[in-house]
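Single-structure report; data block below.
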Amino acid sequence: MAPASSSAARNGNAIDMMGWDGCDFILEVGDIAATGTLNAKVQRDDNSSFTSATDIVGAAITALGASDDNKVVIISVCEPSERYLRIVVTAATAASISGVTAVRWRRHGGLPPTQEAAEVVVVAPGG
Numbered sequence: 223m224a225p226a227s228s229s230a231a232r233n234g235n236a237i238d239m240m241g242w243d244g245c246d247f248i249l250e251v252g253d254i255a256a257t258g259t260l261n262a263k264v265q266r267d268d269n270s271s272f273t274s275a276t277d278i279v280g281a282a283i284t285a286l287g288a289s290d291d292n293k294v295v296i297i298s299v300c301e302p303s304e305r306y307l308r309i310v311v312t313a314a315t316a317a318s319i320s321g322v323t324a325v326r327w328r329r330h331g332g333l334p335p336t337q338e339a340a341e342v343v344v345v346a347p348g349g
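Here the working numbering is used: position 122 in the sequence shown is 344, and no number is missing along the way.
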């Protein structure tokens with residue numbers, strides 16, 4: 223979602239999660255008006271038109287205010303139960319500037335069938 227000044231709800235584009243394990247929504251907060259608040263939530267649906275969108279419990283931020291100018295907030299969704307995701311950003315009361323970048327990721331690696339007890343396996347998303 224391109225950065226823009228808004229005083230209403232803005233829906234992000236549908237993100238197809240087929241073949242992906244999760245998605246991080248990186249909210250770049252710009253200037254929030256002195257009396258403004260900014261909220262964001264992630265929704266899921268089984269189709270890209272979001273005709274029956276459902277909010278994902280726990281995948282939200284609420285009431286960012288003027289003291290939160292120029293911050294970055296990440297909402298991470300792991301293994302969504304439906305194919306499509308989108309973010310909804312709502313500026314309430316007064317205009318706020320924000321933009322969102324979505325990064326899909328897959329987990330890689332796994333433990334071999336036999337493993338020495340002293341081995342350490344590190345798996346980095348996107349690695």
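Glycine included, each C-beta is placed from N, C-alpha and C at the ideal position.
Just so it is clear, the structure is predicted and the values come from calculations on it, not from any experiment.
- Ranked by Cα distance from A316, the options S229, F247, W242 are led by S229.
- In this chain, the beta strand (DSSP E) harbouring A281 covers 276-286.
- In this structure, D243 places its C-beta atom within 8 Å of the C-beta atom of E301.
- Of all C-beta pairs linking the segment 279-289 to the segment 230-241, fewer than three are shorter than 8 Å, placing the two stretches out of contact.
- Look at S303 here: in three-state DSSP terms it is coil, with no helix or strand label.
- About 4 Å separates the CB atoms of A275 and Q265; that is less than 8 Å, so the two are in contact.
- Take D268, set aside five residues on each side of it, and the residues of its chain with a beta-carbon closer than 8 Å to its own are S274, E304, R305, Y306, in chain order.
- Its chain contains P225, V294, S320, G321, V322, T323 as the residues whose beta carbon lies nearer than 8 Å to that of E250, once the 5 sequence neighbours on both sides are disregarded; these appear in chain order.
- Distance from I309 to M223 at the Cβ level is roughly 7 Å; contact confirmed, criterion being Cβ atoms closer than 8 Å.
- The secondary-structure analysis by DSSP pairs K263 across a beta bridge with A282, V310.
- Around the beta carbon of S271, fewer than 16 other beta carbons sit within 10 angstroms, so the residue counts as exposed.
- The residue among S289, W327, I296, V299 with its C-alpha nearest the C-alpha of G258 is S289.
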